[in-house]
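If you read the sequence shown in numbering that gives the first Met the number 0, its first letter stands for residue 0, the second for the next number, and so on. The block underneath contains the structure these notes are about, expressed in structure tokens.
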Amino acid sequence: MEPQWFRVYQAVKKAILVGEMLPGSQVPPEFDLSEQYGVSRNTVRRAYLALSQEGLIRSVNGRGSFVMQTGLTYEVDATSRFRDVLDQQGVRSAIRIVESQEVPADEEIANILHLESGHPLLRVTTLILGDEVPFILTVRHIRADLVVGLDRKLKETDSLTQIARREGLGQLRRVSTTVAARLPTERESALLQCPVNAPVLVVHSTGRIDNGLLLECQRAAMNSQLIRLSFQAEGR
């Protein structure tokens with residue numbers, strides 16, 4: 000005999016998979032389902048935990064649980080930006096700056112950007128959201144000596160690509176990308192609102208401006224339950 004929570008879990012999962020509950024919509028409150036199925040709220044909570052661990056729903060404190068967006072494909076090339084992918088699919092994109100501070104380049108970052116250790120950088124941690132759902136957590140190290148007031152300008156425009164153009168640095172192009180997968184840290188799990196036992200895609204990349212200088216390097220942790228990566232061959 001199947002446990003009561005599993006019966007609730009299967010019913011909600013089926014409703015999501017057949018499209019009765021659409022991405023971004025709120026799933027019924029625990030009280031409503033406990034009444035509908037004649038079970039305790041703890042039983043419903045157990046079913047929702049299993050759905051969350053599968054990446055089918057996400058719980059937001061004080062607001063309830065929502066059906067997750069799934070299956071967005073990010074086609075990566077030299078100039079592609081994930082926010083454009085969201086916008087093209089009718090998902091309202093936004094960037095939230097988690098923290099921003101000037102730091103000296105350590106040896107690892109200095110080597111990546113071809114700088115001397117101690118070179119001034121702006122380290123910016125941001126979340127990229129679609130319809131208020133966090134998709135990507137990025138930590139970027141950007142040369143702080145090439146743009147006056149870089150921190151302020153990033154907060155105003157949310158786009159390093161636009162800043163580079165306005166400052167006469169030209170087009171910012173991605174010149175290297177490496178991808179790995181691992182379990183998220185506790186902080187990544189909390190910020191991305193993803194299960195701690197579901198892998199994230201970790202993407203390391205560098206960006207170069209028209210004069211050949213590397214402007215930034217970044218590490219992005221992507222919710223693998225929401226994003227698929229596609230790499231296009233040059234010249235296609």
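By construction, the Cβ of each residue, glycine as well, lies at the ideal position given by its N, Cα and C atoms.
Original post:
At what residue ranges does the stretch 128–158 contain a whole run of the alpha helix (DSSP H), taking only runs of 4 or more?
Top reply: DSSP runs (the alpha helix (DSSP H)) wholly in the stretch 128–158: 149–156.
**OP:** Less than 8 Å between the CB atoms is what I'm expecting for residue 94 and residue 150, so what's the real figure, rounded?
**Re:** Under the criterion of beta carbons closer than 8 Å, residue 94 and residue 150 do not qualify as touching, at roughly 14 Å.
Subject >> Short Cβ contact (9 Å threshold) for residue 163 with residue 111 >> reply: No, they are not a contact pair.
Subject >> One or two residues paired with residue 199 in a DSSP bridge >> reply: BP columns for residue 199 point to 181, 222.
Subject >> Cβ distance (whole Å) where residue 227 is taken to contact residue 72 below 8 Å >> reply: That belief holds up - the Cβ atoms of residue 227 and residue 72 are roughly 5 Å apart, short of 8 Å.
Original post:
If you check the beta carbons only, do residue 33 and residue 43 fall under 9 Å apart?
Top reply: Yes, the Cβ-Cβ distance between residue 33 and residue 43 is below 9 Å.
Subject >> Whole-Å CB distance - residue 134 paired with residue 48, under 8 Å assumed >> reply: 22 Å between Cβ atoms; not a contact.
**OP:** Give me the Cα-Cα distance between residue 189 and residue 136, rounded to the nearest whole angstrom.
**Re:** Distance from the CA atom of residue 189 to the CA atom of residue 136, rounded to whole angstroms, is 11 Å.
Subject >> DSSP-derived helix/strand/coil call for residue 38 >> reply: DSSP, reduced to helix, strand and coil, places residue 38 outside both helices and strands of the structure shown, so it counts as coil.
**OP:** Determine contact between the stretch 94–106 and the stretch 48–64, defined as no fewer than three beta-carbon pairs at a distance below 8 Å.
**Re:** Three or more beta-carbon pairs separated by less than 8 Å are not found between the stretch 94–106 and the stretch 48–64, which leaves the two stretches without contact.
Original post:
Would residue 165 pass as a contact of residue 215 if the rule is Cβ separation under 9 Å?
Top reply: When the beta-carbon positions are compared, residue 165 and residue 215 stay at least 9 Å from each other.
Original post:
Smallest Cα separation from residue 196: which of 76, 100, 180?
Top reply: Of all alpha-carbon atoms in 76, 100, 180, the one lying nearest the alpha-carbon of residue 196 is that of 180.
Original post:
Skipping 5 residues on each side, what residues in its chain have a beta carbon closer than 8 Å to that of residue 236?
Top reply: No information on residue 236 is available, as it lies outside the stretch 0 to 235 that the chain covers here.
Original post:
By Cβ distance, which residues of its chain are closer than 7 Å to residue 39, with the 5 residues on each side in sequence left out?
Top reply: The beta carbon of residue 39 lies closer than 7 Å to those of 33 in the same chain, with the five residues before and after it left out.
**OP:** Can you have a look at residue 2 and say buried or exposed, based on whether 16 or more other CB atoms are within 10 angstroms of its CB?
**Re:** That one is exposed.
**OP:** Could you please give me the residues that DSSP links to residue 15 through a beta bridge?
**Re:** Answer is none; residue 15 lacks a bridge partner.
**OP:** Note down the Cα distance separating residue 159 from residue 153, rounded to an integer number of angstroms.
**Re:** Cα to Cα, residue 159 sits roughly 7 Å from residue 153.
**OP:** Taking the CB atoms as reference points, tell me whether residue 85 and residue 129 lie closer together than 9 Å.
**Re:** Residue 85 places its beta carbon less than 9 Å from that of residue 129.
Subject >> Residues that residue 206 bridges to, as DSSP identifies them >> reply: Answer by DSSP bridge pairing, in chain order: 173, 215.
Subject >> Segments assigned beta strand (DSSP E), at least 3 residues, entirely inside the stretch 53–130 >> reply: Listed in chain order, they are 56–59, 63–66, 71–75, 92–103, 119–129.
Original post:
Of the choices 210, 19, 124, 211, whose alpha-carbon is the least far from that of residue 220?
Top reply: Closest by alpha carbon: 124.
**OP:** Compare the C-alpha of residue 171 against each of 194, 178, 210, 187 and name the closest.
**Re:** Of the candidates 194, 178, 210, 187, 210 places its Cα closest to the Cα of residue 171.
Original post:
Should residue 235 go down as buried or exposed, given a rule of 16 or more other Cβ atoms within 10 Å for buried?
Top reply: Residue confidence is low: residue 235 scores 47 on pLDDT, short of 50, so the model does not pin down where it sits. Its coordinate-derived value is still stated next. Exposed.
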